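Enquirer:
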Amino acid sequence: MKRASIASYLPCLEWGREYDRGSLINDLLAAVIVTIMLIPQSLAYALLAGLPPEAGLYASIVPILLYAIFGTSRTLAVGPVAVVSLMTATAIGSVVHNTGVDHVTAALTLAGLSGVMLVTMGLFRLGFLANFLSHPVIAGFITASAILIAASQLKHVLGVSADGHNLLELLLSLASQLNAANRETLLLGVTSIAFLFWCRKGLKALLLHLGLSPKLAEALARTGPVMAVLVTTALVWGLQLDSHGVSVVGAVPQALPPLTWPSVSADLLRELWMPALLISVIGFVESISVAQTLAAKRRQRIRSDQELIGLGAANMGAALTGGFPVTGGFSRSVVNFEAGAETPAAGAMTAVMLAIAALIMTPLIHYLPKATLAATIIVAVFSLVDFSILKRSWSYSRADFAAVFITMVVTLVIGVEAGVSAGVIASVALFLYRTSRPHVAEVGLVPGTQHFRNIHRHRVLTDPSLVTIRVDESLYFANARYLEDLIHDRLASSDTTRHLVLMCSAINEIDMSALESLEAINHRLADMNISMHLSEVKGPVMDRLQQSHLLDELTGQVFLSQYEAIQSLTPAVIAAELTEAAA
Numbered sequence: 001m002k003r004a005s006i007a008s009y010l011p012c013l014e015w016g017r018e019y020d021r022g023s024l025i026n027d028l029l030a031a032v033i034v035t036i037m038l039i040p041q042s043l044a045y046a047l048l049a050g051l052p053p054e055a056g057l058y059a060s061i062v063p064i065l066l067y068a069i070f071g072t073s074r075t076l077a078v079g080p081v082a083v084v085s086l087m088t089a090t091a092i093g094s095v096v097h098n099t100g101v102d103h104v105t106a107a108l109t110l111a112g113l114s115g116v117m118l119v120t121m122g123l124f125r126l127g128f129l130a131n132f133l134s135h136p137v138i139a140g141f142i143t144a145s146a147i148l149i150a151a152s153q154l155k156h157v158l159g160v161s162a163d164g165h166n167l168l169e170l171l172l173s174l175a176s177q178l179n180a181a182n183r184e185t186l187l188l189g190v191t192s193i194a195f196l197f198w199c200r201k202g203l204k205a206l207l208l209h210l211g212l213s214p215k216l217a218e219a220l221a222r223t224g225p226v227m228a229v230l231v232t233t234a235l236v237w238g239l240q241l242d243s244h245g246v247s248v249v250g251a252v253p254q255a256l257p258p259l260t261w262p263s264v265s266a267d268l269l270r271e272l273w274m275p276a277l278l279i280s281v282i283g284f285v286e287s288i289s290v291a292q293t294l295a296a297k298r299r300q301r302i303r304s305d306q307e308l309i310g311l312g313a314a315n316m317g318a319a320l321t322g323g324f325p326v327t328g329g330f331s332r333s334v335v336n337f338e339a340g341a342e343t344p345a346a347g348a349m350t351a352v353m354l355a356i357a358a359l360i361m362t363p364l365i366h367y368l369p370k371a372t373l374a375a376t377i378i379v380a381v382f383s384l385v386d387f388s389i390l391k392r393s394w395s396y397s398r399a400d401f402a403a404v405f406i407t408m409v410v411t412l413v414i415g416v417e418a419g420v421s422a423g424v425i426a427s428v429a430l431f432l433y434r435t436s437r438p439h440v441a442e443v444g445l446v447p448g449t450q451h452f453r454n455i456h457r458h459r460v461l462t463d464p465s466l467v468t469i470r471v472d473e474s475l476y477f478a479n480a481r482y483l484e485d486l487i488h489d490r491l492a493s494s495d496t497t498r499h500l501v502l503m504c505s506a507i508n509e510i511d512m513s514a515l516e517s518l519e520a521i522n523h524r525l526a527d528m529n530i531s532m533h534l535s536e537v538k539g540p541v542m543d544r545l546q547q548s549h550l551l552d553e554l555t556g557q558v559f560l561s562q563y564e565a566i567q568s569l570t571p572a573v574i575a576a577e578l579t580e581a582a583a
């Protein structure tokens, strides 16, 4: 295999050849900052996924190393993220109930399935499948998921037991337990939430006022969750609040990620394949969006198909080392970027530091209250809530608004998996609806030019014997009949029309169904003594048409340009145009 071919699957060979001392220093500094941020986040997202806290650390070590080898983004930080953790909790919760397997095994299998799916999609260059989820629908889904995530963490802030797969179930369960709320837990949780919000809004301004540099102030402001963890852990330990009903993380294994193996049970795989597919698609869309945004700022290139392989390898690594599904995280990646990371080596260094933390620091988090981790999650997902998408989609496109609204409502009322499915269905349905009724314009010649525009929007020259139709969409099975009906309705009552020109400048594809419709239109027009012509047919489309019978049976001609068609079929229009220009 050629070196270039190997490098296309191992992007680390590309940036590795250029690595120098300056990159090492920048990557090391970024790794320190991201590690400090990632430790409480990893523990919190494991809690959100319904798994032991160490699973969050394990999911942040080997997956990061594998992404550094196979991923194309130089600043994307891979690991557990809020939305995927919630989807994991939903998936393994139902599976544990149906099959009786334990949560950890279900999570490992889910990560393994997701990894296999992502790598397969990458090898077969199927990254385009993620495009079936429109960005407005994704925004609506993430907003609804963030609300669900925050609601699911309120039980830890209150110190009660509450369950539910949708917002209504969660709120009813919480309401029934309010009388049992633990006062000390509530105080810790509410104080942590308030402190973390203040860190986001006010700490940086305070540090700048004290004379710190903007970069240092930004870095210190990011350590808010760590400070909350340290202070609340010390309080629980010092005041023995765990004996007063405050729930703590408890004993965490002091070890490197273990070697694990997902289950290959047919029943379990059958239960998990759909959640794994949904997690793969959502995770990839979220990750590629962050990666491309950050890469554009440095004029770097992201290869989407290779990103699938990188994320797939990361998830396989999580499955083999005690983790759960992972993807590229927005907040961590932004911190990594702003901290000066230059290559994926920063991620590898982060993984090493997390491994050291897993070996040395885990005894220190025994008394970490779960209320603090819940506060970390609530504050983190608050930035994901974006109700403005409803207003923007309503003012721009009612169809987009309907898709966003349906996705949000289904996610909140039924659950996460149903919400993702509704988003996919809504996105595809929206695409089919729009393209099944394409914009079709009857055009005429703009005086003094060779341009053709809509007769209802511009002052143009026309001839009653000729009708020119421009279809602003590729022709395929969903809109072929629509075009037939439109042309029939336009020409059925016309006694003067002798020529129809189908202007194909915006047509990039004609499938078999559309080809048969064009043949039917051609025969129908022939019965009406109207010739059918084509103009401005693109090369690839013409190549396909030449393999069919349409051109042999066409009652008219194929013109290189629409102006040439006018010159040939209705020279009187050209004469009138010249007369008007001379006048």
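Letter 116 of the sequence shown, counting from 1, is numbered 116 in my numbering, and no numbers are missing. Glycine included, each C-beta is placed from N, C-alpha and C at the ideal position. As the structure is a computational prediction, the values presented were derived from the model and not from experiment.
Do you know whose CA, among M117, L518, R434 and I530, lies nearest A314's CA?
Expert: On the sequence shown, position 314 is the one that residue 314 refers to. The shortest Cα separation from A314 among M117, L518, R434 and I530 belongs to M117.
Enquirer: Evaluate R398 with the Cβ neighbour count: other Cβ atoms within 10 Å of its Cβ, from every protein chain shown; 16 or more gives buried, anything less gives exposed.
Expert: Locating residue 398 in the sequence shown gives position 398, counting from the first residue. That one is exposed.
Enquirer: Under the three-state reduction of DSSP, which class applies to V249: helix, strand or coil?
Expert: What you label residue 249 is simply residue 249 of the sequence shown in a count that begins at 1. V249 falls in the coil class under three-state DSSP.
Enquirer: Would DSSP call G329 helix, strand or coil?
Expert: In the sequence shown, the residue the question calls residue 329 occupies position 329. DSSP places G329 in coil when its eight states are reduced to three.
Enquirer: For H523, count neighbouring C-beta atoms within 10 Å of its own C-beta (all shown protein chains included) and say buried if the count is 16 or more, exposed if not.
Expert: Here residue 523 refers to the residue found at position 523 when the sequence shown is read from its first residue. Looking at its Cβ environment, which holds fewer than 16 other Cβ atoms inside 10 Å, H523 is exposed.
Enquirer: Answer yes or no: do I69 and P344 have a C-beta to C-beta separation smaller than 9 Å?
Expert: Counted from its first residue, the sequence shown places residue 69 at position 69. Counted from its first residue, the sequence shown places residue 344 at position 344. Yes, Cβ-Cβ distance for I69 and P344 is below 9 Å.
Enquirer: Tell me, please, whether the stretch 58-72 touches the stretch 338-352 by the rule of three or more beta-carbon pairs shorter than 8 Å.
Expert: Because the criterion of three Cβ pairs below 8 Å is met, the stretch 58-72 and the stretch 338-352 touch.
Enquirer: Which residues does DSSP list as the beta-bridge partners of L475?
Expert: Working through the sequence shown from its first residue, we reach residue 475 at position 475. For L475, which the question treats as bridged, DSSP gives the partners I510.
Enquirer: Do you know how far the Cα of G100 is from the Cα of A374?
Expert: On the sequence shown, position 374 is the one that residue 374 refers to. On the sequence shown, position 100 is the one that residue 100 refers to. A374 and G100: Cα-Cα distance of roughly 27 Å.
Enquirer: Run through DSSP, which three-state label would V446 get?
Expert: Within the sequence shown, residue 446 is the residue found at index 446, counting from 1. In the structure shown, V446 sits in coil (DSSP, three-state: anything other than H, G, I, E or B).
Enquirer: Identify, in the order they occur along the chain, each residue of the same chain with its Cβ nearer than 6 Å to the Cβ of L430, setting aside the five sequence neighbours on each side.
Expert: The residue you call residue 430 lines up with position 430 of the sequence shown. So the qualifying residues of the chain are A399 and A403.
Enquirer: Do you know how far the Cα of V84 is from the Cα of Y45?
Expert: Locating residue 45 in the sequence shown gives position 45, counting from the first residue. Locating residue 84 in the sequence shown gives position 84, counting from the first residue. If you take the alpha carbons of Y45 and V84, they lie about 9 Å apart.
Enquirer: CB-CB under 7 Å to L605, same chain, minus the five flanking residues each way: which ones, in chain order?
Expert: Residue 605 is absent from the model: the chain starts at 1 and stops at 583.
Enquirer: Let me confirm a value: M503 is counted as buried when at least 16 other C-beta atoms fall within 10 Å, else exposed. Which label applies?
Expert: In the sequence shown, residue 503 corresponds to position 503, counting from 1. The residue in question, M503, is buried, as its Cβ has 16 or more Cβ neighbours within 10 Å.
Enquirer: Would S531 and H499 be called neighbours here (beta carbons separated by less than 9 Å)?
Expert: Numbered from its first residue, the sequence shown carries residue 531 at position 531. Numbered from its first residue, the sequence shown carries residue 499 at position 499. Cβ distance < 9 Å, so S531 and H499 count as in contact.
Enquirer: Go through its chain and collect everything with a Cβ distance to R17's Cβ below 8 Å, but skip five positions before and after it.
Expert: Counted from its first residue, the sequence shown places residue 17 at position 17. If we look at R17 and ignore the five residues flanking it on each side, it has no Cβ neighbours.
Enquirer: What is the C-beta distance between V252 and I365, in whole angstroms, given that I count them as a contact (C-beta under 8 Å)?
Expert: In the sequence shown, residue 252 corresponds to position 252, counting from 1. In the sequence shown, residue 365 corresponds to position 365, counting from 1. Yes, V252 and I365 are in contact; Cβ-Cβ is about 6 Å, under 8 Å.
Enquirer: Compare the Cα-Cα distances from V34 to each of G122, S173, G340 and L206 and report the closest residue.
Expert: In the sequence shown, residue 34 corresponds to position 34, counting from 1. Considering only alpha carbons, the answer is G340.
Enquirer: Between A355 and the rest of its own chain, which residues show a CB-CB distance below 7 Å, the 5 nearest in sequence each way excluded?
Expert: Here residue 355 is taken as the residue at index 355 of the sequence shown, counted from 1. Answer for A355: I61 and L256, listed in chain order.
Enquirer: So V83 is in the alpha helix (DSSP H); what residue range does that whole segment cover?
Expert: Here the question's residue 83 lines up with position 83 in the sequence shown. A82 to T99 is the extent of the alpha helix (DSSP H) around V83.
Enquirer: Whose C-alpha, out of D20, A30 and E54, is nearest the C-alpha of A41?
Expert: Taking the first residue of the sequence shown as 1, we reach residue 41 at position 41. According to the sequence displayed, residue 41 carries Gln and not Ala. Measuring from the Cα of Q41, the nearest candidate turns out to be E54.
Enquirer: Closer than 6 Å by C-beta to L174: which residues in its own chain qualify, once you throw out the five before and the five after it? Chain order, please.
Expert: Against the sequence shown, residue 174 aligns to sequence position 174. If we look at L174 and ignore the five residues flanking it on each side, its Cβ neighbours are L154 and A162.
Enquirer: With distances taken Cα to Cα, identify the nearest neighbour of H103 among T372, G93 and A111.
Expert: Locating residue 103 in the sequence shown gives position 103, counting from the first residue. If we check each option's Cα against that of H103, G93 comes out closest.
Enquirer: How big is the Cα-Cα spacing for I377 and S152?
Expert: Translated into the one-based positions of the sequence shown, residue 377 becomes position 377. Translated into the one-based positions of the sequence shown, residue 152 becomes position 152. Spanning the two alpha carbons is a distance of roughly 10 Å.
Enquirer: Given a cut-off of 9 Å, decide if I282 and M408 are closer than it, judged by their beta-carbon atoms.
Expert: Against the sequence shown, residue 408 aligns to sequence position 408. Against the sequence shown, residue 282 aligns to sequence position 282. For M408 and I282, no; Cβs fall outside 9 Å.
Enquirer: Give me, in chain order, the residues of the same chain whose beta-carbon lies closer than 6 Å to that of D463; leave out the 5 immediate sequence neighbours on both sides.
Expert: As a first step, residue 463 is located in the sequence shown; it is residue number 463 there, counting from the start. Cβ within range, chain order: T570 and V573.
Enquirer: What whole-angstrom Cβ distance do R415 and N166 have, given they're in contact under 8 Å?
Expert: Here residue 415 corresponds to residue number 415 of the sequence shown, with the count starting at 1. Here residue 166 corresponds to residue number 166 of the sequence shown, with the count starting at 1. It is Gly, not Arg, that sits at residue 415 in the sequence shown. With 8 Å as the limit, G415 and N166 qualify as a contact, their Cβ atoms being about 5 Å apart.
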